[in-house]
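**Student:** Input: one structure, supplied below.
Chains as they are written, first to last, in the numbering used here: chain A, 1 to 264; chain B, 1001 to 1278.
Below you can see the structure in the form of structure tokens.
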């Protein structure tokens, strides 16, 4: 099997400043200053071409940070990410300019992603057709409904034809028919042998679509394997967590948080 | 040196990108107004009218003002031929400084040629500058200062202004992203510079006010001084400013070069971590 993504010992540290003065001290002092929080702590895994991997985990466990790192939007603090091919992130926050029309946003977004003039001319009609928002394509994006916005964002990202696709909760907006259309398109990607990372809180969608699961628990990999293997354990954990009393939950979270903090 | 080279190469590689993005910038800034692009011209004209009223009429500047090479011009002519530099430099510096942190979310890709961001923001201001300069040239045709051979210096001074703005913006955009206060400092600084550069009053006034000679020497350190006097000499056909003041020209380019070297260095040093500073 050909590898497409190799993540090795990746950590992402965020500095937590109590005051602005600490921020300045941190900038000036060579060793750094202040407490830091590990959003990700020593994550390692590999993905093959054609893998469809669901990333699961409770809120605040570092799923979005990981997907941003895979897509190359934020740099890891330490460790290496090896990507074979182009990676693209599809998120709800699609970064459209609201004063410009849909059509202009398509060109702008493509420019930002490094396409040349000819490619953009070829892609534009395909994107417009997929987004299927009718005459609104020539209206400013600020007049769009949130559904239309995400449809356009999704249509653009999906047509830039990346080798590695990271989908962060993007399907939770938009109606059923559009979600089906996207799933269809993603199946197409799957057949082409592209790697897909899929983040969703919908367990049923996850089970239907993904073959593998990567369970991120509080910044580290709890489990990585086939969906059939990992998902029952995850569901068991969720159940157990729900059963805890309020005090137990609090104590548990406190413990977790402490383990993710470090000095400097 | 190496980093400056890298940044310059990046500019040439992303030339098409910079051009398209600057056009969109221009568009998105003006589509909300009914008068659209006309505001680009209306705003400066209103300001010129006010300055002329206050400084030209009320504060009584009826005498002619020396430009360079012994050429003297009426106040209003002197005012409009120089203040267009301010209308270009001021918004470019302010917008250039916040260019990166206000757009980085939208860019969302680390391998984007980050140094192209200040460039396209400045280029957008440059379009407006071209329009205003064009209008001022037209106005000047109705005075005794018509188009002359000296006008061929204009592209040179425009290039000088662009080079200056780009080098400065590389530095300010980096530091404003890391520490947002830098942007606020810059705003106050620019407000000060408006009065410390000969936009509204001519340098000869310093002597009239009884200030010692070295004050004017200090003001000359400001590269905007070079630009504004260069523009005036060009538009009013007074002198070959860049050649007549060759020492000053060398100082100006030395200043730009140092800024460019330092700016490229800090830009490249921090740019991978710009997202972390949001």
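Think of the CB as a built atom: it goes at the ideal place given N, C-alpha and C, for glycine as much as any other residue.
1) Taking Cβ-Cβ distances below 7 Å as the criterion, which residues of the region 1090–1103 of chain B are in contact with chain A?
2) Around the C-beta of residue 162 of chain A, are 16 or more other C-beta atoms found within 10 angstroms, so that it is buried, or is it exposed?
3) Going by the beta-carbon positions, is the gap between residue 1113 of chain B and residue 1014 of chain B smaller than 8 Å?
4) Counting C-beta neighbours from all protein chains within 10 Å, is the total for residue 153 of chain A 16 or more, i.e. buried, or is it exposed?
5) Compute the beta-carbon to beta-carbon distance between residue 178 of chain A and residue 151 of chain A, rounded to the nearest angstrom, for a pair I have assumed lies under 8 Å.
6) Check distances from the C-beta atoms of the region 1126–1147 of chain B to those of chain A and list, in chain order, the residues that come in under 7 Å.
7) Touch check for the region 20–34 of chain A and the region 204–216 of chain A: three-plus C-beta pairs under 8 Å?
8) Starting from the C-beta of residue 1041 of chain B, find all residues in its chain whose C-beta is less than 7 Å away, skip the five residues before and the five after it, and write them out in chain order.
9) Compute the Euclidean distance between the alpha carbons of residue 1250 of chain B and residue 1165 of chain B, then round it to the nearest angstrom.
10) How about residue 1010 of chain B and residue 1115 of chain B: are their beta carbons less than 8 Å apart?
11) Which residue comes first and which comes last in the alpha helix (DSSP H) that contains residue 1183 of chain B?
12) In chain A, which residues lie with their C-beta within 7 Å of the C-beta of residue 1112 of chain B?
13) Where DSSP assigns a beta bridge to residue 226 of chain A, which residues make up the other side?
14) Where do the ends of the beta strand (DSSP E) carrying residue 44 of chain A lie?
15) With DSSP as the reference, label residue 11 of chain A as helix, strand or coil.
16) Just to confirm, is the Cβ distance from residue 1093 of chain B to residue 1186 of chain B under 8 Å?
17) With H, G and I counted as helix, E and B as strand and the rest as coil, what does DSSP make of residue 58 of chain A?
18) Using the C-alpha atoms, what's the distance from residue 59 of chain A back to residue 244 of chain A?
19) Decide if the region 4–16 of chain A is in contact with the region 34–49 of chain A; the criterion is three or more beta carbon pairs, one per stretch, under 8 Å apart.
20) Could one say the Cβ of residue 1275 of chain B lies closer than 8 Å to chain A's Cβ atoms, at least one of them?
21) To the nearest angstrom, how far is it from the Cα of residue 116 of chain A to the Cα of residue 99 of chain A?
22) Are the beta-carbon atoms belonging to residue 159 of chain A and residue 123 of chain A less than 8 Å from one another?
23) Check whether the Cβ of residue 1024 of chain B lies closer than 8 Å to any Cβ atom in chain A.
24) Going by the beta-carbon positions, is the gap between residue 260 of chain A and residue 33 of chain A smaller than 8 Å?
25) Just the chain B side, please: which residues come within less than 7 Å of residue 232 of chain A by C-beta, in chain order?
26) List, in order along the chain, the chain A residues whose C-beta lies closer than 7 Å to that of residue 1028 of chain B?
27) Which value, in whole angstroms, describes the spacing of the CA atoms of residue 942 of chain B and residue 1029 of chain B?
28) Residues of chain A with CB closer than 8 Å to the CB of residue 1032 of chain B, please, in chain order.
29) Below 6 Å CB to CB, which residues in the same chain sit around residue 1085 of chain B once its five sequence neighbours on both sides are set aside?
30) With DSSP run on the structure shown, which of helix, strand or coil describes residue 217 of chain A?
31) What does residue 1017 of chain B reach in chain A if we use C-beta pairs closer than 7 Å?
32) Going by DSSP, what residue range makes up the alpha helix (DSSP H) through residue 1254 of chain B?
33) Using 8 Å as the threshold, is the C-beta distance between residue 1242 of chain B and residue 1153 of chain B below it?
34) Among residues of its own chain, excluding the 5 on either side of residue 1216 of chain B, which ones have a beta-carbon nearer than 6 Å to its beta-carbon?
35) Closest by CA to residue 1080 of chain B, which one among B:1099, B:1261, B:1254, B:1056?
36) What residues are listed by DSSP as bridge partners for residue 1072 of chain B?
**Tutor:** In this structure, then:
1) none
2) Here the question's residue 162 of chain A lines up with position 162 in the first chain. Its Cβ being crowded by 16 or more others within 10 Å, residue 162 of chain A is buried.
3) Locating residue 1113 of chain B in the second chain gives position 113, counting from the first residue. Locating residue 1014 of chain B in the second chain gives position 14, counting from the first residue. Cβ atoms of residue 1113 of chain B and residue 1014 of chain B: closer than 8 Å.
4) Here the question's residue 153 of chain A lines up with position 153 in the first chain. Residue 153 of chain A should be labelled buried.
5) Here residue 178 of chain A is taken as the residue at index 178 of the first chain, counted from 1. Here residue 151 of chain A is taken as the residue at index 151 of the first chain, counted from 1. Contact flag correct, Cβ pair sits at about 6 Å.
6) none
7) no
8) Stepping through the second chain from its first residue, residue 1041 of chain B is reached at position 41. So the qualifying residues of the chain are 1131, 1132, 1135.
9) In the second chain, the residue the question calls residue 1250 of chain B occupies position 250. In the second chain, the residue the question calls residue 1165 of chain B occupies position 165. Rounded to the nearest angstrom, the two C-alpha atoms are 17 Å apart.
10) Counting from one through the second chain, the residue named residue 1010 of chain B turns up at place 10. Counting from one through the second chain, the residue named residue 1115 of chain B turns up at place 115. Yes, Cβ-Cβ distance for residue 1010 of chain B and residue 1115 of chain B is below 8 Å.
11) On the second chain, residue 1183 of chain B is found 183 positions in, with the first residue counted as 1. Looking at the DSSP string, the run of the alpha helix (DSSP H) that includes residue 1183 of chain B is 1181–1196.
12) Here residue 1112 of chain B is taken as the residue at index 112 of the second chain, counted from 1. Within chain A, the residues near residue 1112 of chain B are 112.
13) Here residue 226 of chain A is taken as the residue at index 226 of the first chain, counted from 1. Answer is A:212.
14) Translated into the one-based positions of the first chain, residue 44 of chain A becomes position 44. Per DSSP, residue 44 of chain A belongs to the beta strand (DSSP E) from 35–48.
15) Taking the first chain and counting its residues from 1, one reaches residue 11 of chain A at position 11. Three-state result, residue 11 of chain A: strand.
16) Start at 1 with the first residue of the second chain, and residue 1093 of chain B comes out as number 93. Start at 1 with the first residue of the second chain, and residue 1186 of chain B comes out as number 186. Their beta carbons are under 8 Å apart, which means residue 1093 of chain B touches residue 1186 of chain B by this criterion.
17) For the purposes of this step, residue 58 of chain A is identified with residue 58 of the first chain, where counting begins at 1. Of the three classes helix, strand and coil, the one that applies to residue 58 of chain A here is coil, per DSSP.
18) Sequence index remark: in the first chain, residue 244 of chain A carries index 244 (1-based). Sequence index remark: in the first chain, residue 59 of chain A carries index 59 (1-based). Straight-line Cα distance between these residues: approximately 17 Å.
19) yes
20) Sequence index remark: in the second chain, residue 1275 of chain B carries index 275 (1-based). Yes - at least one Cβ of chain A is within 8 Å of the one on residue 1275 of chain B.
21) As a first step, residue 116 of chain A is located in the first chain; it is residue number 116 there, counting from the start. As a first step, residue 99 of chain A is located in the first chain; it is residue number 99 there, counting from the start. Straight-line Cα distance between these residues: approximately 23 Å.
22) Taking the first chain and counting its residues from 1, the one referred to as residue 159 of chain A is at position 159. Taking the first chain and counting its residues from 1, the one referred to as residue 123 of chain A is at position 123. Cβ distance < 8 Å, so residue 159 of chain A and residue 123 of chain A count as in contact.
23) Stepping through the second chain from its first residue, residue 1024 of chain B is reached at position 24. Yes - at least one Cβ of chain A is within 8 Å of the one on residue 1024 of chain B.
24) Here residue 260 of chain A refers to the residue found at position 260 of the first chain. Here residue 33 of chain A refers to the residue found at position 33 of the first chain. No, these two residues do not count as a Cβ contact at 8 Å.
25) Sequence index remark: in the first chain, residue 232 of chain A carries index 232 (1-based). Within chain B, no residue comes near residue 232 of chain A; the closest Cβ sits about 36 Å away, beyond 7 Å.
26) By 1-based counting over the second chain, the position of residue 1028 of chain B is 28. Ordered by position in chain A, the residues that pass the 7 Å Cβ test against residue 1028 of chain B are 97, 99, 100.
27) Missing from the structure shown is residue 942 of chain B; chain B here goes from 1001 to 1278 and no further.
28) Start at 1 with the first residue of the second chain, and residue 1032 of chain B comes out as number 32. Simply 99.
29) For the purposes of this step, residue 1085 of chain B is identified with residue 85 of the second chain, where counting begins at 1. Within the same chain, residue 1085 of chain B has close Cβ partners 1227, 1228, 1231.
30) Position 217 of the first chain holds residue 217 of chain A. Residue state, collapsed to three classes: strand.
31) Position 17 of the second chain, counted from the start, is the residue given in the question as residue 1017 of chain B. Residues of chain A passing the Cβ test: 111.
32) Position 254 of the second chain holds residue 1254 of chain B. Taken as a continuous stretch (DSSP letters only), the alpha helix (DSSP H) holding residue 1254 of chain B covers 1246–1270.
33) Residue mapping note: residue 1242 of chain B aligns to position 242 of the second chain, counting from 1. Residue mapping note: residue 1153 of chain B aligns to position 153 of the second chain, counting from 1. Their beta carbons are under 8 Å apart, which means residue 1242 of chain B touches residue 1153 of chain B by this criterion.
34) Start at 1 with the first residue of the second chain, and residue 1216 of chain B comes out as number 216. Within the same chain, residue 1216 of chain B has close Cβ partners 1203, 1206.
35) Position 80 of the second chain holds residue 1080 of chain B. Nearest C-alpha to residue 1080 of chain B: B:1056.
36) Translated into positions along the second chain, residue 1072 of chain B becomes position 72. In DSSP, residue 1072 of chain B forms a bridge with B:1066.
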